[in-house]
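By numbering that gives the first Met the number 0, the letter at position 361 of the sequence shown is numbered 360, and the numbering carries on one by one without gaps.
Think of the CB as a built atom: it goes at the ideal place given N, C-alpha and C, for glycine as much as any other residue.
One structure below.
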Amino acid sequence: MAKRNVDLLLLNSGELLTCAGPAEGIRGAALERVERLEGGAVAIDAGRIVAIGPSEQIERQFDATERIDAGGRLVSPGLVDPHSHLLYGGTRHEEYESLLTSRGAPPTMERGIQSTVRRTRDADDAALQAQAQADLDLMLAHGTTTLEAKTGYGLRMDDELRLLRLTATLRHAVDVVPTFLPLHVLPDEYAARRGDYIGEAIAALPQAARLARYCDVSCDPSCFTADECAAVGEAALGLGMRIRVHADQTGDAGGAALAARLHASAADHLDYANDEGLRAMAAAGTVATLLPGVTLHLCEMTPRLRNGSLEAPSKPFLPQLARRAIDAGVVVALSTDYNPGSCPTQSMQIVMQLAARLFRLSYAAVWNMCTLNAARALDLSHDRGSIELGKRADLLVWTVPAHGLAINRFGVNQVDTVIAAGRVVARDGRIIDSAVRSFVQPA
Ligand code: NIG
Ligand code: FE
């Protein structure tokens, strides 16, 4: 039988971790299993996966322009990062030190965000674009092939729309999904005019809807009320946008229930979400995105040393939150929440490693949460997030042979080769071609 010619063959994995599952996402007890094929291989053509099977079988059936020998190492889907704030100006490392040492008052979340807002408004377009490109390079080298990117550091509608336009100019092998986040926190200049701010956010939505698939709102005691978020969310839904929610990060503001009511694609953080809200999310198909990088970086599970004595950690209950969300039947995903304040890491690998350690999750659960379930959080699980026939060929070859080892080890880049939409874009952990736009047809 004549062999079929394809663009690329990926052969001789030690373990082909497919992370296959239903497009609705993997939930409950099913999280404890992750689909894998020992010694598996993949055939790729025109940016899509055209065959999966044992290496000998794939070799018998296909010839290819390019071949990669995985040499007994782990092959997985590309990682999906469904929550980031990609475009921002400045850094906040100096004020962060006061949180670590307890010398001086650590900035509140609102003050921290406003300081990044000032620096973002002052930054010129070229600097913001260059930083975003460099961040995308790092993310890609660490295995992220799809990234959600929010605005939220403009907080004047002209500035917010500018950030969306800049996001649209990015040309990168990481597929960037833009989100408009006008309701991050109330900017200082609107302190006495909350209603005006909400009105201006609603008025900006028709323009935002041309540039972004999603509208995000922060439903939190430090940010906006459920009613304020509902007003903006309903207007966005009316324009055909879908909703994401920063929910209940510093207290229970009813964010989980609001996300369910708006049929949000995802609600993220959820630290203080109540069980009823989580159950409503499960029924509505809203994904819960947990952010262990925030937990680590804000030292929320670490006691604080103040004047020589230990103060209890602020959020020792976060492992319970992960368990409550899983038990409520919610589809749970993981993300970086990459931003300069609460989580300055570009790496989904460290997020996976932290999720296992801080939230006490199994290797299988972590993998399902950062692949198929993370794709589900971006309404893309029909198209990516797992190694399945017809899906976008976003694949990683790791330096290690087993999926558990990728989580057991931590803190260094364990991704060797990155294939994004069927093209080899990184090898030996280094980018070889990041400035490619996806050429693959949407599913
Ligand atoms: O972690 N409501 C939003 N909270 C942000 C904080 C970002 C920052 O500190 O700049 C978040 O997503
Ligand atoms: Fe965020």
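Item                                                                                                                                                               : Value
Does the stretch 25-37 touch the stretch 85-95, meaning 3 or more C-beta pairs lie closer than 8 Å?                                                                : no
For the beta strand (DSSP E) containing Asn4, name the first residue and the last one.                                                                             : 3-10
Please state the DSSP three-state secondary structure of Asp134.                                                                                                   : helix
Quick check: the Cα distance between Ile112 and His296, rounded to an integer number of angstroms?                                                                 : 15 Å
So, is Phe179 buried or exposed, given that buried needs 16 or more other C-beta atoms within 10 angstroms?                                                        : buried
Out of curiosity, what's the CA-to-CA distance linking Asp226 and Leu10?                                                                                           : 53 Å
Give me the DSSP bridge partner(s) of Lys149.                                                                                                                      : Thr178
In whole angstroms, give me the CA-to-CA distance for Ala363 and Leu333.                                                                                           : 13 Å
According to the neighbour-count rule (16 or more other Cβ atoms, all chains shown, within 10 Å of its Cβ), is Leu115 buried or exposed?                           : Note on identity: in this sequence residue 115 is Thr, with Leu being the wrong assignment. With 16 or more other Cβ atoms within 10 Å, it is buried.
Helix, strand or coil: which one does DSSP assign to Thr100?                                                                                                       : helix
Starting from His245, trace the alpha helix (DSSP H) in both directions and tell me its first and last residue.                                                    : Note, His245: premise wrong, no alpha helix (DSSP H); beta strand (DSSP E) at 241-246.
Any idea if Gly328 is buried or exposed, counting beta-carbon neighbours within 10 angstroms, 16 or more meaning buried?                                           : exposed
Quick check on Ala425: does DSSP put it in helix, strand or coil?                                                                                                  : strand
When you compare only the Cα positions, how much space is there between Arg155 and Arg192?                                                                         : 13 Å
Going by beta-carbon coordinates alone, are Ala266 and Val244 separated by less than 8 Å?                                                                          : yes
So, for Leu476: in the same chain, excluding its five sequence neighbours on each side, which residues have a beta-carbon less than 8 Å away from its beta-carbon? : This structure leaves residue 476 out entirely; the chain is present only between 0 and 442.
Is it the case that the CB of His245 approaches a heavy atom of the ligand FE more closely than 7 Å?                                                               : yes
With C-beta atoms as the reference, is Val33 less than 8 Å away from Asn412?                                                                                       : no
Hey, how far is the Cα of Ala104 from the Cα of Leu304?                                                                                                            : 14 Å
Which whole-angstrom value describes the C-beta separation of Pro220 and Thr249, a residue pair presumed to lie in contact below a C-beta threshold of 8 Å?        : 6 Å
Quick check on this structure: which residue in Gly52, Asp247, Ala259, Leu377 has the alpha carbon closest to the alpha carbon of Glu233?                          : Ala259
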